[in-house]
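Student:
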Amino acid sequence: MRVLVITGAGVSAESGIPTFRGKDGYWRNLNPAKLATPEAFAKNPRLVWEWYRERRQRIRSAQPNPAHQAIVKLAAHTDEFLLVTQNVDDLHLRAESEGQRLSPDKIVQIHGDIFETRCSRCACSRREPEEEDSNLPRCTECGELMRPGVVWFGEQLDLRKIEQVDNYLTRPSCPVVIVAGTTAAFGYIIDLALRAQDPDGQLIEVNPDPTPLSGFATHLIREPAGIALPRLVDELLAR
Ligand code: OAD
């Protein structure tokens, strides 16, 4: 079996991580233009860092949920597997199934990694999985301000990551494409799901609410990912 899974914030919702556009999502109360753009960072880096550090802390204390675990199980039992996640948290990587974790070459964090701190000028970067102090981080090489290693509004996706996804898609198409917990607000997410899908295959959406992708899906599962994905994975593996 050859599988592509695409996930968004809804998959981490049951771990207590807020979504962006869902109920009580970040963008319902906060303005992304003030927190998640290069201009916001240039204007008020302290405010941006405070928000990202709060999010980091919340993610550190969170645990992967059954949706993350089901995806690891699916990866472990399929010949070819790729997970493209918009989530910047590390819950997909920390999740375990049958004592195994997802191998890092099977996941592409298309919007970056919230625990990466990288220089806004040079190539310097580090990972900060442990709690850090509240100073504004400066690059030890060039002295410039460091920033979170995530993709902000108005920024390009990382070309190496696009290449990794494209490489997976140049091989024969996927009989099973699962899109879970995303509003599919970005055209490239819909495009990716449609490019990957085998014409005779399944495009399965897991989301309690309809999205712009729903009309293209062959199967709609209107349930929380933590309930739907473990069952779906068992069904797929039983075939
Ligand atoms: P959104 O917040 O836009 O969408 C979350 C989706 O999850 C919604 O469609 C909800 O209906 C659904 N949902 C909520 N709870 C769920 C559950 N328990 N199980 C399954 N689905 C559930 O999040 P994304 O689509 O991931 O960008 O947002 C895409 C990007 O927009 C994010 O990566 C972020 C944001 O700005 C960056 O950080 C660059």
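Going by this note's numbering, the sequence shown opens with residue 247, and the numbers climb by one from there.
Quick reminder that beta carbons are idealized off the backbone N, C-alpha and C, glycines included.
Predicted, not measured: the structure shown is a model, and the values here were computed from it.
(1) Check the Cβ-Cβ distances between residue 305 and every residue of chain D, and say whether any is below 9 angstroms.
(2) Taking all protein chains shown into account, do 16 or more other C-beta atoms lie within 10 angstroms of the C-beta of residue 445, making it buried, or fewer, making it exposed?
(3) With distances taken between CB atoms, is the gap from residue 315 to residue 288 smaller than 9 angstroms?
(4) From this set, 259, 265, 376 and 484, which residue's C-alpha is nearest residue 310's C-alpha?
(5) Quick check on the burial criterion: 16 or more other C-beta atoms within 10 angstroms. Buried or exposed for residue 357?
(6) Can you check whether the CB of residue 353 is closer than 9 angstroms to the CB of residue 320?
(7) What's the gap between the Cα of residue 397 and the Cα of residue 482?
(8) Cβ-heavy atom distance between residue 260 and ligand 2 below 8 angstroms?
(9) Within the present structure, is the beta-carbon of residue 470 separated from the nearest heavy atom of ligand 1 by less than 8 angstroms?
(10) Taking buried to mean at least 16 other C-beta atoms within 10 Å of its own C-beta, is residue 250 buried or exposed?
(11) Would you check if there are 3 or more beta carbon pairs closer than 8 angstroms linking the region 420-430 to the region 391-411?
(12) Counting only the same chain and skipping the five closest in sequence on each side, list residues whose C-beta sits under 7 angstroms from that of residue 360.
(13) Going by DSSP, what residues sit across from residue 368 in a beta bridge?
(14) Please tell me whether, using a cut-off of 8 angstroms, the distance from the CB of residue 357 to the nearest non-hydrogen atom of ligand 1 is below it.
(15) To the nearest angstrom, how far is the alpha carbon of residue 274 from that of residue 265?
(16) Roughly how many angstroms separate the alpha carbons of residue 272 and residue 373, rounded to a whole number?
Tutor: According to the structure shown:
(1) Checking the listed chains, one finds no chain D in this structure; it contains a single protein chain.
(2) exposed
(3) no
(4) 259
(5) buried
(6) no
(7) 33 angstroms
(8) Looking at this structure, you won't find ligand 2 anywhere; what it does contain is ligand 1.
(9) yes
(10) buried
(11) no
(12) So the qualifying residues of the chain are 298, 301, 302, 305, 334, 335, 394 and 396.
(13) The bridge partners DSSP lists for residue 368 come to none.
(14) yes
(15) 10 angstroms
(16) Cα-Cα distance, rounded: 24 angstroms.
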